[in-house]
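Line by line, the protein sequences give chains A and B. Heads up, the first sequence is in our numbering, so the first residue is 83 and it goes up one at a time. Heads up, the second sequence is in our numbering, so the first residue is 15 and it goes up one at a time. What follows is a single structure, written as structure tokens, with notes after it.
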Amino acid sequence: MQARVITWWTILRICLEERLVYRGDFALGTLMRFLPIVTQIFLWYAIFQAVSAAAGHERSLYDVQLAGYHYGEFVAYYLMTMISRAFSSMPGLASGIARQIREGEVKKFLVQPVDMLGFLLLGRVAHKLAYYSVAIGPFALIFFLCRGYFYGLPLEAATHSATTFAAFVASLLMGFLLGYFLEASIGLIGFWWLEVSSLLFVYMLLSFFLSGHMFPLDMLPEPWLTLIDLLPLKYLAYFPAAVFLGKVSGWELALGLGVELAWVLFFVFFSRLMYRQGVNRYSGFGG
Amino acid sequence: MSERPRYAKVFLTFARNSLVRDMTFRANFLIESVASLAWMMANLGFYLLIFGYTDSIGANTGWGQYEFFVFLSTTMFINSLVQAFFMPNAEEFSEMIRTGGLDFALLKPIDTQFLISLQRINWASLTNFLAGAVLLAFSLWQLTTRAENPLQLKPILVLLYPLYVGCGVLILYSLMITLAATSIWLGRNQTLYDFWFYITNFSRYPMEIYSGGPLGLSLQFFFTFIVPVLVVVNVPARMLAMPLHRADYALTAFALLATVLALLASRWVFRRALLSYRSASS
Numbered sequence: 083m084q085a086r087v088i089t090w091w092t093i094l095r096i097c098l099e100e101r102l103v104y105r106g107d108f109a110l111g112t113l114m115r116f117l118p119i120v121t122q123i124f125l126w127y128a129i130f131q132a133v134s135a136a137a138g139h140e141r142s143l144y145d146v147q148l149a150g151y152h153y154g155e156f157v158a159y160y161l162m163t164m165i166s167r168a169f170s171s172m173p174g175l176a177s178g179i180a181r182q183i184r185e186g187e188v189k190k191f192l193v194q195p196v197d198m199l200g201f202l203l204l205g206r207v208a209h210k211l212a213y214y215s216v217a218i219g220p221f222a223l224i225f226f227l228c229r230g231y232f233y234g235l236p237l238e239a240a241t242h243s244a245t246t247f248a249a250f251v252a253s254l255l256m257g258f259l260l261g262y263f264l265e266a267s268i269g270l271i272g273f274w275w276l277e278v279s280s281l282l283f284v285y286m287l288l289s290f291f292l293s294g295h296m297f298p299l300d301m302l303p304e305p306w307l308t309l310i311d312l313l314p315l316k317y318l319a320y321f322p323a324a325v326f327l328g329k330v331s332g333w334e335l336a337l338g339l340g341v342e343l344a345w346v347l348f349f350v351f352f353s354r355l356m357y358r359q360g361v362n363r364y365s366g367f368g369g
Numbered sequence: 015m016s017e018r019p020r021y022a023k024v025f026l027t028f029a030r031n032s033l034v035r036d037m038t039f040r041a042n043f044l045i046e047s048v049a050s051l052a053w054m055m056a057n058l059g060f061y062l063l064i065f066g067y068t069d070s071i072g073a074n075t076g077w078g079q080y081e082f083f084v085f086l087s088t089t090m091f092i093n094s095l096v097q098a099f100f101m102p103n104a105e106e107f108s109e110m111i112r113t114g115g116l117d118f119a120l121l122k123p124i125d126t127q128f129l130i131s132l133q134r135i136n137w138a139s140l141t142n143f144l145a146g147a148v149l150l151a152f153s154l155w156q157l158t159t160r161a162e163n164p165l166q167l168k169p170i171l172v173l174l175y176p177l178y179v180g181c182g183v184l185i186l187y188s189l190m191i192t193l194a195a196t197s198i199w200l201g202r203n204q205t206l207y208d209f210w211f212y213i214t215n216f217s218r219y220p221m222e223i224y225s226g227g228p229l230g231l232s233l234q235f236f237f238t239f240i241v242p243v244l245v246v247v248n249v250p251a252r253m254l255a256m257p258l259h260r261a262d263y264a265l266t267a268f269a270l271l272a273t274v275l276a277l278l279a280s281r282w283v284f285r286r287a288l289l290s291y292r293s294a295s296s
């Protein structure tokens, strides 16, 4: 047991050091990732202006609502999805796994006493830790500049309630696990297909629009709302942000967290199963 | 050696070779076309969602649903042209610098920037050009036949529109080749490519949305006069989608000037960068 803990700790440390080599590039990249949000915020500002002008001149931007969001909440929503995505996004995971399978690198996990999914998970944890330790600067700056947008939140929001805050943190951590095991499952399809890039494109397209980082998902009209509830994608961006803003509360919140946990467990088992089946049919040649 | 290379002929050869190559992997070509089309459709869905909540983008800006769809199809034209002609080459250029393959390009008796910029054409990206044409035709039909205040297209503006779409493509090209050339100094610059996407992101919406507050105005100033990505789509789209006012003439003239300056600046940066090139071969 102790030996195993030491092994994993060593792996984590190596990955962490590897990641911190490029911290300058990291910090710059993080700040730039806020640029698209800036255009989104201006876009919605213009839309809110149009809506409030249509509703009559005496009303200010904060009086009109779109799908239950006033302007400040909209901006806060976008900023919060940046945080959920910082936890749930796994750049290059699925394509990396598929490449390792295709090029035979996966053999090293078959001969070494190291579990592939566990090893890669630790790599991601290290990546995220390194990322947060650098990104916390730009994030703190942006949130400080935008603090005004968080003032008018309801009492259920995480700025007022410790329970909501705990639920928010839980949804973020589960979002990380869900993102990891979901993308790993897609990558493991590589055991059967070898090339997963077209499948990955479909996944990216769906998650771009249906995970909620383009717009709050509860804006969508009906057949879509049901579809979204049936998919795990909303836990990658929309759900943690909605929890933070107090949009989901009470039993709805408990249910949401439960369903998210169920999805995490499902993909943990599913990826394990796929890995087992995949290794069984895998054949490697040459050195 | 003294004979001038015939650029048009060389370009046509590039185009033909790329087409042959694309047609060799036909299934891949088809998938790429469908993929970029699907992406555009999803984007269109997003804007339809927005126009389900509002009549226009910004109060009194004139960007109603179909005006904005004219804007969107202009974006599609410009982006698909840039992606078809220049994007694969800019990517290749960075790779050539890293691997030392640029040596071969420098040795050829033809302008290096021409060779680097147009070697490969990605025909599949032109799918969005066709999709943009369909969207443009549909939106213009809606605008010109609507009951109240129908749009009247002036022939001169219709003729100028392709010219300004071309200007937009050239401005984006200048930006892209400048960023690609900096990889000579920096070795490998993945972040700079992201940077390109993040900057062109500003060209995707009408510039009126940046009119609120000091931050908006400074963004508007910066992306109009320093890095002129805001004029790329705005000028041609406005020309077709709504009647031009006197105030728009200045911006329209400025777009031409910006194109020329951007091309000259990028040419200058490119040549400066080439002077610092130290081959990377073994």
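Where a beta carbon is used, it is the ideal one built from N, C-alpha and C, also for glycine.
{"Check": "Between B:M15 and the rest of its own chain, which residues show a CB-CB distance below 6 Å, the 5 nearest in sequence each way excluded?", "Outcome": "In this predicted model, B:M15 has a pLDDT of only 48, less than 50, meaning its place in the structure is not dependable enough to derive any value."}
{"Check": "Taking the alpha-carbon of A:Y153 as reference, which of A:K316, A:Q131, A:R181 and A:A217 has the nearest alpha-carbon?", "Outcome": "A:Q131"}
{"Check": "Can you tell me whether DSSP reads B:Y61 as helix, strand or coil?", "Outcome": "helix"}
{"Check": "Please tell me whether A:T121 has its Cβ less than 7 Å away from any Cβ of chain B.", "Outcome": "yes"}
{"Check": "So which residues on chain A does B:N215 lean against when the C-beta distance must stay under 8 Å?", "Outcome": "L117, P118 and T121"}
{"Check": "In the DSSP assignment, find the alpha helix (DSSP H) that holds A:M83 and state where it starts and stops.", "Outcome": "Where A:M83 is concerned, there is no enclosing alpha helix (DSSP H), given that its DSSP letter is neither H nor E."}
{"Check": "Spatial neighbours of A:G186 within its chain, please: C-beta separation below 7 Å, excluding the five flanking residues on both sides.", "Outcome": "G366"}
{"Check": "Leaving aside the five residues before and after B:A255 along the sequence, list all residues of the same chain whose C-beta is less than 6 Å from its C-beta, in chain order.", "Outcome": "E81 and V84"}
{"Check": "Using the Cβ count rule (16 or more neighbours within 10 Å means buried), how would you classify B:W282?", "Outcome": "exposed"}
{"Check": "In chain A, which residues lie with their C-beta within 7 Å of the C-beta of B:G72?", "Outcome": "A128, Q131 and A132"}
{"Check": "What residue range does the alpha helix (DSSP H) around B:M253 cover?", "Outcome": "L244 to A255"}
{"Check": "If we cut at 7 Å on Cβ distances, does B:I45 have a partner in chain A?", "Outcome": "yes"}
{"Check": "Does DSSP classify A:L276 as helix, strand or coil?", "Outcome": "coil"}
{"Check": "Taking A:A135 as the query, report the chain B residues whose CB atoms sit under 8 Å from its CB, ordered along the chain.", "Outcome": "A73 and N74"}
{"Check": "Does A:M172 get closer than 7 Å to chain B when you measure Cβ to Cβ?", "Outcome": "no"}
{"Check": "Could you name the residues of chain B that A:L148 contacts, counting a contact when the two beta carbons are closer than 9 Å?", "Outcome": "Y67 and T68"}
{"Check": "Starting from A:P118 and walking both ways along the alpha helix (DSSP H), at which residues does that stretch end?", "Outcome": "L117 to A137"}
{"Check": "Considering Cα atoms alone, identify which of A:Y159, A:M83, A:Y151 and A:G332 is closest to A:Y320.", "Outcome": "A:Y159"}
{"Check": "For A:Y231, collect the residues of the same chain with a Cβ closer than 6 Å to its Cβ; drop the 5 residues on either side in sequence, then sort them by chain order.", "Outcome": "G154, V157 and A158"}
{"Check": "Is there at least one Cβ from chain B nearer than 7 Å to A:S267's Cβ?", "Outcome": "no"}
{"Check": "Whole angstroms are fine: how far does the CA of B:G230 sit from the CA of A:L175?", "Outcome": "37 Å"}
{"Check": "With three or more C-beta pairs closer than 8 Å as the rule, is the segment 219-228 of chain B touching the segment 153-170 of chain B?", "Outcome": "no"}
{"Check": "Please list, in chain order, the residues of the segment 100-111 of chain B that have any C-beta partner in chain A closer than 7 Å.", "Outcome": "none"}
{"Check": "Taking the alpha-carbon of A:A324 as reference, which of A:W275, A:F348, A:L313 and A:F250 has the nearest alpha-carbon?", "Outcome": "A:F250"}
{"Check": "To the nearest angstrom, how far is it from the Cα of B:A56 to the Cα of A:L287?", "Outcome": "8 Å"}
{"Check": "Classify A:L148 as helix, strand or coil using the three-state DSSP reduction.", "Outcome": "strand"}
{"Check": "So with Cβ pairs under 7 Å, would you call A:S293 a contact of chain B?", "Outcome": "no"}
{"Check": "Helix, strand or coil for B:S70? Go by DSSP, reduced to three states.", "Outcome": "strand"}
{"Check": "Which complete alpha helix (DSSP H) runs does the segment 262-330 of chain A hold, if anything under 4 residues is left out?", "Outcome": "272-275, 279-292, 304-312 and 320-326"}
{"Check": "Could you tell me whether the Cβ atoms of B:T68 and A:I119 are closer together than 7 Å?", "Outcome": "no"}
{"Check": "Check A:G338 in the structure and name its three-state DSSP category.", "Outcome": "helix"}
{"Check": "The alpha helix (DSSP H) that contains A:F225, what's its start and end?", "Outcome": "M198 to L227"}
{"Check": "Identify whether A:I93 lies in helix, strand or coil by the three-state DSSP scheme.", "Outcome": "helix"}
{"Check": "Whose C-alpha, out of B:L121, B:S50 and B:N74, is nearest the C-alpha of B:Q97?", "Outcome": "B:S50"}
{"Check": "Flag this pair as yes or no: are the beta carbons of B:W210 and B:L233 separated by less than 7 Å?", "Outcome": "no"}
{"Check": "Which of helix, strand or coil does DSSP assign to B:G78?", "Outcome": "strand"}
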